[in-house]
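Novice: Chains as they are written, first to last, in this note's numbering: chain H, 1431 to 1742; chain C, 90 to 640.
Ideal placement from N, C-alpha and C gives every residue a C-beta, glycine not left out.
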Amino acid sequence: MNTTERSKWKKQIGYFRRYWMLYAMLIPGIVYITVFKYVPMYGVSIAFKDYNGFGKIAEAEWVGLKNFRRLFETNAFRRAFYNNIIISLAKLVFGFPAPIILALMIDGIRTKWAKRIVQTSVILPDFVSWVVIYGLMYAIFSPNTGVIRQVASVIGYNGKLPNLLADKETFRAVIVGSHVWKGMGIGTVTYLAAITGIDQQLYDAATIDGAGRWQKTWHITLTGIRGVIITLLIIRIGHIMNAGFSQIFAISNSAVVSVADIIDTYVYRIGLTQGRFSLATAAGLFKSVIGLVLVLFTNWISKKVDPDSGIM
Amino acid sequence: MMKRQRRIVSILLIVVLLCSVSGCSGEQKPSETTAASGTQAPTSAAAKETTQAEKSETTQAGQPETTVAEETVPSWTADDSAEITILVSSDTSPDADNLVLQELEKQTNTKINIITVSGSEYSTKLNTMIAADDVPDVFWSSNINSLDKYLKAGILADMKAVLEAKAPNVIEETKDIIPRIKANENAIYLIPNADRLYPANVVIRTDWLENLNLEMPTDLDSFAKVMHAFTYDDPDGNGIKDTYGYAFEMSGFTGSGKQFINIFGAFGIPKGQKVELEDGTVTAWFKHPNFMKAMTYIRGLIDDGVVEPDFVTIPRMEMFGKFWTGQAGCLEWDATGPANNWYPTRYTEDPPPTLGFATIKGEDGTYGLPEAVDGLGSGWVVSANCKNMEGVARIANFCMSEEGADLLYLGVENVMYRWIDKEKGEVEYLGDYVDTAVHRAAGGYVYSKLFKPSSPADYRTLMPLAREGVQLAWDNTVLEWVYISQASEVRNEYGSDMDGIITEMITEMLLTTEDLQTVYDRYIKEWEETGGSAWEEEMTGFWEEERDLWR
């Protein structure tokens, strides 16, 4: 070790001794990630074994890619995969811009108390469980007793009403609509926080230069929160294969299963209900690998567009 | 000074964070349990081998087969200090330490932990517990395929010896059923409930029939006419069109659910069961030659608007609510619900409705229901790791007595209920236990399916009308179907996919604007390709072997 290297090491050790408290605070996080995120990955080996839930995983027979082949031979899995992509993309296309738009709209409110009320009320749906939301939707859309039926009766229409919750044509719209409604608020808060961080002087300068409201929104607000938008987009794309298990599990039914069954509901059905753990793990692993590839790909693209963006 | 404070705060923070991480990890359960006392009982997979090995060892050593050790040391575990975990299916969760459980522990000298989960979650919970190596000591095996899986995995205990020694009630109550269970050859792995199941009745509001001057329907035509009148002729006389004929929900329609089971019976179809076609092929009920006719009839009822239209999305309790609140005049359910358990407290009308039961016959006079033989394919099983099999035997023995059945269904005598006339089955609930919720929170009713005897308290205390309904349904169980006692490899592999296809098919046939036959053909083709044809072949082969056993 030469003198330069030695002094570098000394500097590192000195730095570590000086900020040991901060390094020590890393320990719980590292322990957490290791224990709860990396150690359970051992279970992924089930996807390559013939494991039926009994006995030890280590003792189960290795079967290579048999479970993956079996998955792709199954119509139900292929359909779940297709539905997963369609529903996820629809949620991304309609769900991702919604909180940005809402945040811009709320930011435009000048009265402070009104802004607070709107801000708080848009968050509330996020705290309501999907089971309760299904109850609400049933109370609204039921063709026999729902609110829509009551309104129709009041205006003199007593004919047949479509059951939106049991119609293949409309059900995906119900999934995406309710997802946007429930999740929009929490995203809005993130963007509002980012907007608050933009220097007010930029707006003042733009006003002096004669910029209109749209121009300020486009050139200052949206540009100012671009980094946040890209980061959230990458994270969102990483979760693109999570099409919303709890939502679909709570609100789907046998009439719409062909357009609503996703990989997670399929995994639940064959894994926990039927006890076919190897097949379910293979499906879950397949989903995760796609998610990982998409994150890396999006990160690469965003780095190409803007070298300062991206998450790694 | 400031620096020191910062250090202390930092150390405290780190400790708190580490504690929270370790707190989340929970306590690791030992993966291998050992018998606390006595010898380990033979398990399903290893049982025969072990017994054989022990036998040959003694013979080789030149000892007589019955040794002193065999006479004094029981071949089952008997650690009374060990807690017995029982997984019970129930839609109501009682208090953790309730009166009924305390009394059950007292009567059987055991420590019991009963976990209740709703019926729809039962298999999920059980599979999760098994995968976590936390198999409950006693649990319900719901069908032959599951039982076969547990046996192959060696997680079940052979309870024959301990039941014969300690549970005479169980042996007596199940003596006709146990020999018919294939898995129980020279052993008892499956302990069936001994009661006869209640098949579904066509329950009809007779006060509405009287209001409309109609007779109880007896055939498919008159049934359709009554349903039409219930919907369009204002049976409750309130001048508003707010009633429907028939209420059902989809999950009760598919599979072996109770809804429309009598209607399928009128077409000669044993709904939910296997049938033998004319060419000798054994297949599922939805390939019965009359299936399309039955579905066309049911679809006709829906198209006529006489069926409550929320049937796809309505939760089960809401569906019952349609009947309780006078919005529907007919449903198919076993008589114990509408004419006993719900009567009259659940009904919102004053006076409560009057009810009757119809037997619906088809064109050629065909009618009936498939006999429910739940006990042959399902029952209670005991984990090979159970530390107190003798305690389980005592519990089973007590539950299969009249006293035990009364405790599990009615509660603690003279605290929760008292007999008015035991012979007639008349009881009175006491104090707060009149309220069903309070009664169930104290453990009443909730565990009544546990080791049920042939004359359970729920049957002995039925109201006369409900008893009449149950008897009528039993009398109507005349439809023959194919019972096979062997596990299906094909179903183990493809069962859920096959079932999913049929559930979708039936739902679509009730809603589609397409030609019914086209929809049917499309789904049946998919079902056959997904494993249906292989399953038919397998079942037909099994039936060749078993036909004479059951007829």
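For the stretch 631 to 638 of chain C and the stretch 557 to 573 of chain C, state whether three or more C-beta atom pairs, one from each stretch, are separated by less than 8 angstroms.
Specialist: Judged by Cβ distances under 8 angstroms, the stretch 631 to 638 of chain C makes contact with the stretch 557 to 573 of chain C, as three or more pairs qualify.
Novice: Kindly list the residues whose CB is nearer than 8 angstroms to the CB of H:Gln1549, restricted to its own chain and excluding five residues on each side of it in sequence; keep chain order.
Specialist: By 1-based counting over the first sequence, the position of residue 1549 of chain H is 119. For H:Gln1549, where only same-chain residues beyond five positions count, the Cβ hits under 8 angstroms are Ile1536, Thr1618, Val1619 and Leu1622.
Novice: Rounding to the nearest angstrom, what Cα-Cα distance links C:Asp392 and C:Asn486 in this structure?
Specialist: Within the second sequence, numbered from 1, the residue matching residue 392 of chain C stands at position 303. Within the second sequence, numbered from 1, the residue matching residue 486 of chain C stands at position 397. Rounded to whole angstroms, C:Asp392 to C:Asn486 spans 52 angstroms at the Cα level.
Novice: Looking only at DSSP bridge pairs, what is C:Lys450 linked to?
Specialist: Here residue 450 of chain C is taken as the residue at index 361 of the second sequence, counted from 1. DSSP, once it has assigned bridges, lists C:Asp308 as partnering C:Lys450.
Novice: C:Cys419 to H:Ser1551, Cα distance in whole Å?
Specialist: In the second sequence, counting from the first residue as 1, residue 419 of chain C sits at position 330. In the first sequence, counting from the first residue as 1, residue 1551 of chain H sits at position 121. Spanning the two alpha carbons is a distance of roughly 44 angstroms.
Novice: Counting only beta-carbon atoms, is C:Ser472 nearer than 8 angstroms to chain H?
Specialist: Position 383 of the second sequence holds residue 472 of chain C. Chain H contact via Cβ: absent.
Novice: Is it the case that the Cβ atoms of C:Ala482 and C:Ala246 are separated by a distance below 8 angstroms?
Specialist: On the second sequence, residue 482 of chain C is found 393 positions in, with the first residue counted as 1. On the second sequence, residue 246 of chain C is found 157 positions in, with the first residue counted as 1. No, these two residues do not count as a Cβ contact at 8 angstroms.
Novice: Tell me, which residues are paired with C:Glu365 by DSSP?
Specialist: Position 276 of the second sequence, counted from the first residue, corresponds to residue 365 of chain C. Note: C:Glu365 sits in a beta bridge opposite C:Val371.
Novice: How about C:Leu176: is its C-beta nearer than 8 angstroms to some C-beta of chain H?
Specialist: Position 87 of the second sequence, counted from the start, is the residue given in the question as residue 176 of chain C. No - not a single Cβ of chain H is within 8 angstroms of the one on C:Leu176.
Novice: Check whether the Cβ of H:Ile1700 lies closer than 8 angstroms to any Cβ atom in chain C.
Specialist: Here residue 1700 of chain H refers to the residue found at position 270 when the first sequence is read from its first residue. By this cut-off, H:Ile1700 is an interface position.
Novice: Write down the C-beta distance between C:Leu458 and C:Pro288 rounded to the nearest angstrom, noting that I regard them as a contact closer than 8 angstroms.
Specialist: Taking the second sequence and counting its residues from 1, the one referred to as residue 458 of chain C is at position 369. Taking the second sequence and counting its residues from 1, the one referred to as residue 288 of chain C is at position 199. About 5 angstroms separates the two Cβ atoms, so the contact holds.
Novice: What in chain H is Cβ-close to C:Val292, meaning under 8 angstroms?
Specialist: In the second sequence, counting from the first residue as 1, residue 292 of chain C sits at position 203. None at all; the shortest Cβ gap to chain H is about 20 angstroms.
Novice: Taking the beta strand (DSSP E) that C:Leu420 falls in, what are its first and last residues?
Specialist: In the second sequence, counting from the first residue as 1, residue 420 of chain C sits at position 331. Taken as a continuous stretch (DSSP letters only), the beta strand (DSSP E) holding C:Leu420 covers Ala417 to Trp422.
Novice: Going by DSSP, what residue range makes up the beta strand (DSSP E) through C:Leu176?
Specialist: For the purposes of this step, residue 176 of chain C is taken as the residue at position 87 of the second sequence. Counting along the chain, the beta strand (DSSP E) containing C:Leu176 begins and ends at Glu172 to Ser178.
Novice: In three-state DSSP terms, what is H:Lys1717?
Specialist: The residue given as residue 1717 of chain H occupies position 287 in the first sequence. It is helical.
Novice: Anything in the stretch 391 to 408 of chain C with a Cβ closer than 7 angstroms to a Cβ of chain H? List those residues in chain order, please.
Specialist: So the close ones are Glu397, Pro398, Asp399, Val401 and Thr402.
Novice: C:Tyr518 to C:Trp229, Cα distance in whole Å?
Specialist: By 1-based counting over the second sequence, the position of residue 518 of chain C is 429. By 1-based counting over the second sequence, the position of residue 229 of chain C is 140. Using only the alpha carbons, I get a separation of about 30 angstroms.
Novice: Starting from C:Ser235, follow the alpha helix (DSSP H) in both directions and report where the run begins and ends.
Specialist: Indexing the second sequence from 1 puts residue 235 of chain C at position 146. Note, C:Ser235: alpha helix (DSSP H), Ile233 to Ala242.
Novice: Pick out whichever of H:Ile1530, H:Asp1691, H:Val1610 and H:Ser1475 has its Cα sitting closest to the Cα of H:Ile1563.
Specialist: Position 133 of the first sequence holds residue 1563 of chain H. For H:Ile1563, the nearest C-alpha among the options comes from H:Val1610.
Novice: Is C:Glu578 close to chain H? Criterion is C-beta to C-beta, closer than 8 angstroms.
Specialist: The residue you call residue 578 of chain C lines up with position 489 of the second sequence. For C:Glu578, the answer is no, since every Cβ of chain H falls outside 8 angstroms of its Cβ.
Novice: So with CB distances below 7 angstroms, who are the chain H contacts of C:Asn216?
Specialist: By one-based count along the second sequence, residue 216 of chain C stands at place 127. Neighbours of C:Asn216 on chain H, chain order: Gly1483, Leu1702 and Gly1705.
Novice: Could you pull out every unbroken alpha helix (DSSP H) segment of at least 4 residues lying fully inside the stretch 187 to 218 of chain C, listed in chain order?
Specialist: Entirely contained in the stretch 187 to 218 of chain C, the alpha helix (DSSP H) runs reaching 4 residues are, in chain order, 188 to 197.
Novice: Going by the CB atoms, is the gap between C:Lys538 and C:Ala494 shorter than 8 angstroms?
Specialist: In the second sequence, the residue the question calls residue 494 of chain C occupies position 405. In the second sequence, the residue the question calls residue 538 of chain C occupies position 449. No; because the gap between Cβ atoms is not below 8 angstroms, this pair is not in contact.
Novice: What do you reckon, are the CB atoms on C:Asp322 and C:Leu301 nearer than 8 angstroms?
Specialist: In the second sequence, the residue the question calls residue 322 of chain C occupies position 233. In the second sequence, the residue the question calls residue 301 of chain C occupies position 212. The answer is yes: Cβ separation under 8 angstroms.
Novice: For a test of the three-state rule: what should DSSP assign to H:Lys1479, helix, strand or coil?
Specialist: Numbered from its first residue, the first sequence carries residue 1479 of chain H at position 49. H:Lys1479: strand per DSSP, three-state reduction.
Novice: Which partner residues of C:Tyr506 appear in the DSSP bridge assignment?
Specialist: Residue mapping note: residue 506 of chain C aligns to position 417 of the second sequence, counting from 1. C:Glu502 and C:Tyr518, per the DSSP bridge assignment.
Novice: Can you give the Cα-Cα distance for C:Gln129 and C:Ile280, rounded to whole angstroms?
Specialist: If you number the second sequence from 1, residue 129 of chain C lands on position 40. If you number the second sequence from 1, residue 280 of chain C lands on position 191. Below a pLDDT of 50, predicted positions are generally treated as unreliable, and C:Gln129, at 46, falls in that range; the measurement from the model is reported next regardless. Going by the C-alpha atoms only, they are around 20 angstroms apart.
Novice: Can you check whether the CB of C:Asn258 is closer than 8 angstroms to the CB of C:Met489?
Specialist: For this step, residue 489 of chain C is matched to residue 400 along the second sequence. For this step, residue 258 of chain C is matched to residue 169 along the second sequence. Yes, these two residues count as a Cβ contact at 8 angstroms.
Novice: Name the one or two DSSP bridge partners that C:Ser472 has.
Specialist: Counted from its first residue, the second sequence places residue 472 of chain C at position 383. C:Leu245, per the DSSP bridge assignment.
Novice: What number of angstroms, rounded off, separates the C-alpha of C:Gly314 from the C-alpha of C:Trp563?
Specialist: Locating residue 314 of chain C in the second sequence gives position 225, counting from the first residue. Locating residue 563 of chain C in the second sequence gives position 474, counting from the first residue. Per the sequence presented here, residue 314 of chain C reads as Lys, with Gly not at that position. Distance between the alpha carbons of C:Lys314 and C:Trp563 is about 26 angstroms.
Novice: Mind checking which residues open and close the beta strand (DSSP E) that includes C:Gly584?
Specialist: The residue labelled residue 584 of chain C in the question sits at position 495 within the second sequence. Element bounds for C:Gly584: not the beta strand (DSSP E) but the alpha helix (DSSP H), Glu578 to Leu600.
Novice: Can you tell which of H:Pro1470, H:Ile1678 and H:Thr1695 has the C-alpha that lies nearest to the C-alpha of H:Ala1377?
Specialist: For residue 1377 of chain H there is no data in the structure shown, the boundaries of chain H being 1431 and 1742.
Novice: Can you name the start and end residues of the alpha helix (DSSP H) that C:Gly341 belongs to?
Specialist: Here residue 341 of chain C corresponds to residue number 252 of the second sequence, with the count starting at 1. Counting along the chain, the alpha helix (DSSP H) containing C:Gly341 begins and ends at Met339 to Phe342.
Novice: Given this structure, state the Cα-to-Cα distance separating C:Ala628 from C:Ile590, to the nearest angstrom.
Specialist: As a first step, residue 628 of chain C must be located in the second sequence, where it is residue number 539. As a first step, residue 590 of chain C must be located in the second sequence, where it is residue number 501. Per the sequence shown, residue 628 of chain C should be read as Met rather than Ala. Roughly 19 angstroms between the two C-alpha positions.
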